[in-house]
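Residue numbers (my numbering): 47 to 526.
All C-beta atoms, glycine included, are put in the ideal place defined by N, C-alpha and C.
Reading through the structure tokens given below for one structure.
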């Protein structure tokens, strides 16, 4: 028996054929329009999973690149600020070297001091540099100025108000780079190595440890002078009871009438003034340490004489509370109740009154060094030329240490900048690679897809034409 296809089955076959070819055409058109081979997960489940993984990696790379782009200006701004500070350091050092020139007069040194103070003010401004609304050198305290000028008991000081914390950015999985350096690591690094004196008075550190930072001034006060009977017996007296003397401790005084000279300790041998002269009423002799003794020779008998002169003294750390010394202490403790600074003194070599500079070596910030240099150039403590040279030389040691610290900070930020530049390049290359991998999996081969679309279109047209013929519903076609 011959099976004859029904009209219904013919409709179904034509419909299925049209739907299949129409689907192929639509899919090809979507791929051409989007450029993507995978338009929905069902198109390629394995490929879709791979694309999702690559997309996550691309997102991470984009995030890291954004972090690098944010961090680099901060680091570059820090480098620029440190470069400017380096220029200020160089200029200041030249001025200090000029100040060490013994031929300068008070006016010359005062002019140098003014220039130093201007450089210090500019250095404070550099320390408080900002990028946008962020202070560069405050650690994570980026909303307030990290360096502030304050008035201390012994002069103007600059204090650090930031913290040591670093702001970091992630440039990779578990990899971070700090974008700043704390201000005290740039301008006020603490590298304590002990305490030292400039040498004016003969004070020395005691046997116990000292507690303090920066510069302090220890005041040695002359409390009185005692002449031996042998000298007073020859008619020699103290001027104003010794009020103008700076002698501390025992010193030999020799008056040689035959040679017409006088000598205190190992100091210079001086010619005695003429009897009855104005100088004879206030004859000043100095020992090898610069300690002064004012003698009234108006009633001197003219006889040779000698003996040991004694000067009483007391010391103070705060300039207010004084402690008498016996010149035998090897560990005399002084405490400044205002800030808790504690020092221990060896007074066995104490030789003269005056204001001695105590340096807690390795703890003086750059700003205070410059302020101290300016004070010395103005000679606020009334130093003689030799003592002034020693004081400036002591300052210069701390100045150079701070300069070295600045150079280290400059190198640190420079290395970080180079690392970010290299990371930025690497992330860019990696992004290109990931985009290529994603494209290989996800993107369509346009040439092939266009051919598929053309083929699907032609096939659909053929199916439509064939279906139209198969479905011609006439009596003649039915009788065939």
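Handout entry: Start and end residues, beta strand (DSSP E) containing residue 155
Key = Run containing residue 155: none in the beta strand (DSSP E); it sits in the alpha helix (DSSP H), 152 to 173.
Exercise for the section: Count the other CB atoms, across all protein chains shown, that sit within 10 Å of the CB of residue 192; report buried if there are 16 or more and exposed otherwise. Expected result: So residue 192 counts as buried.
Exercise for the section: Let me know the beta strand (DSSP E) ranges lying completely inside the region 203 to 268, each 3 residues or longer, listed in chain order. Expected result: The qualifying runs are 214 to 218, 221 to 224, 240 to 243.
Problem - Bridge partner(s) assigned by DSSP for residue 379 - result: Bridge partners of residue 379 according to DSSP: 390.
Handout entry: Inter-residue spacing [alpha-carbon to alpha-carbon] between residue 140 and residue 324
Key = In a straight line, the C-alpha of residue 140 is about 44 Å away from that of residue 324.
Practice task
Determine the direct distance from the alpha carbon of residue 394 to that of residue 376, and round the result to whole angstroms.
Solution key: Spanning the alpha carbons of residue 376 and residue 394 requires a straight line of approximately 7 Å.
Handout entry: Extent of the continuous beta strand (DSSP E) run through residue 193
Key = Per DSSP, residue 193 is one residue of the beta strand (DSSP E) stretching across 193 to 198.
Problem - Backbone CA spacing between residue 415 and residue 201 [nearest angstrom] - result: The alpha-carbon atoms of residue 415 and residue 201 are separated by roughly 12 Å.
Handout entry: Contact under 9 Å by Cβ, residue 225 with residue 469
Key = Contact annotation: residue 225 and residue 469 have beta-carbon atoms that are not nearer than 9 Å.
Practice task
Look at the alpha carbon of residue 310 and the alpha carbon of residue 300, and state the distance between them as a whole number of angstroms.
Solution key: Cα to Cα, the separation comes out at about 7 Å.
Handout entry: DSSP-derived helix/strand/coil call for residue 282
Key = Residue 282: coil per DSSP, three-state reduction.
Practice task
Could you check the C-alpha separation between residue 196 and residue 205 for me, to the nearest Å?
Solution key: Going by the C-alpha atoms only, they are around 7 Å apart.
Problem - Candidates 292, 305, 426, 321, of which the one nearest residue 332 by Cα - result: Ranked by Cα distance from residue 332, the options 292, 305, 426, 321 are led by 292.
Handout entry: Short Cβ contact (9 Å threshold) for residue 412 with residue 234
Key = Their beta carbons are under 9 Å apart, which means residue 412 touches residue 234 by this criterion.
Practice task
Between the Cα of residue 335 and those of 365, 296, 274, spot the shortest distance and give me the residue it belongs to.
Solution key: Nearest C-alpha to residue 335: 296.
Problem - Cut-off 8 Å between Cβ atoms - residues of its own chain near residue 47, not counting five sequence neighbours on either side - result: Residue confidence for residue 47 is low, a pLDDT of 48 falling below 50, so the modelled location carries little weight; the figure read from the coordinates is stated next. Counting only Cβ-Cβ distances below 8 Å, and skipping sequence neighbours, we find nothing.
Handout entry: Limits of the alpha helix (DSSP H) - the one that residue 422 falls within
Key = Where residue 422 is concerned, the enclosing alpha helix (DSSP H) starts and stops at 412 to 423.
Problem - Nearest candidate by alpha-carbon position, reference residue 183, set 102, 434, 228, 429 - result: Comparing alpha carbon positions, the residue from 102, 434, 228, 429 closest to residue 183 is 228.
Exercise for the section: May I have the straight-line CA-CA distance separating residue 287 from residue 270, to the nearest angstrom? Expected result: In a straight line, the C-alpha of residue 287 is about 8 Å away from that of residue 270.
Practice task
Check whether the region 167 to 175 touches the region 437 to 455, counting contact only when three or more Cβ pairs, one atom from each stretch, lie closer than 8 Å.
Solution key: Between the region 167 to 175 and the region 437 to 455, the count of Cβ pairs shorter than 8 Å is below three; the stretches do not touch.
Exercise for the section: Output the boundary residues of the beta strand (DSSP E) element that contains residue 406. Expected result: Where residue 406 is concerned, the enclosing beta strand (DSSP E) stretches over 400 to 407.
Exercise for the section: Please confirm if residue 241 has its CB atom under 9 Å from at least one CB of chain B. Expected result: No chain B is part of this structure, which consists of one protein chain only.
Handout entry: Cross-strand partners of residue 176 (DSSP beta bridge)
Key = Looking at the DSSP assignment, residue 176 forms a beta bridge with 181.
Exercise for the section: Give the range of the beta strand (DSSP E) segment to which residue 341 is assigned. Expected result: First-last of the beta strand (DSSP E) with residue 341: 338 to 342.
Exercise for the section: From the DSSP output, read off the bridge partner residues of residue 310. Expected result: Answer by DSSP bridge pairing, in chain order: 299.
Problem - Integer-rounded CB distance, given that residue 207 should sit under 8 Å from residue 194 - result: About 6 Å separates the two Cβ atoms, so the contact holds.
Problem - Rounded C-alpha distance that separates residue 219 from residue 103 - result: Distance between the alpha carbons of residue 219 and residue 103 is about 11 Å.
Problem - Beta-carbon proximity of residue 410 to residue 448, cut-off 9 Å - result: Yes, the pair counts as a contact, with Cβ atoms nearer than the cut-off.
Handout entry: Assigned secondary structure, residue 112 (DSSP; H/G/I helix, E/B strand, else coil)
Key = Helix, per DSSP.
Exercise for the section: Work out the CA separation of residue 162 and residue 265 for me, nearest whole Å. Expected result: A direct Cα-to-Cα measurement between residue 265 and residue 162 gives close to 25 Å.
Practice task
Under 6 Å Cβ to Cβ from residue 337, same chain only, skipping five residues before and after it: list those, please.
Solution key: Residues 292, 293, 397, 398 of the same chain have their beta carbon placed closer than 6 Å to that of residue 337, with the five preceding and five following residues left out of the count.
Handout entry: Residue(s) in a DSSP beta bridge with residue 353
Key = DSSP lists 299 as partners of residue 353.
Problem - Best match in 257, 281, 326, 430 for proximity to residue 387 [C-alpha to C-alpha] - result: Nearest option by C-alpha distance: 257.
Exercise for the section: Mind reading off the beta-carbon distance from residue 238 to residue 405? Whole number of angstroms is fine, and I expect it under 8 Å. Expected result: Contact doesn't hold; Cβ gap of about 11 Å is too wide.
Practice task
Under 7 Å Cβ to Cβ from residue 23, same chain only, skipping five residues before and after it: list those, please.
Solution key: With the chain represented from 47 up to 526, any question about residue 23 goes unanswered, as that position is not in the structure.
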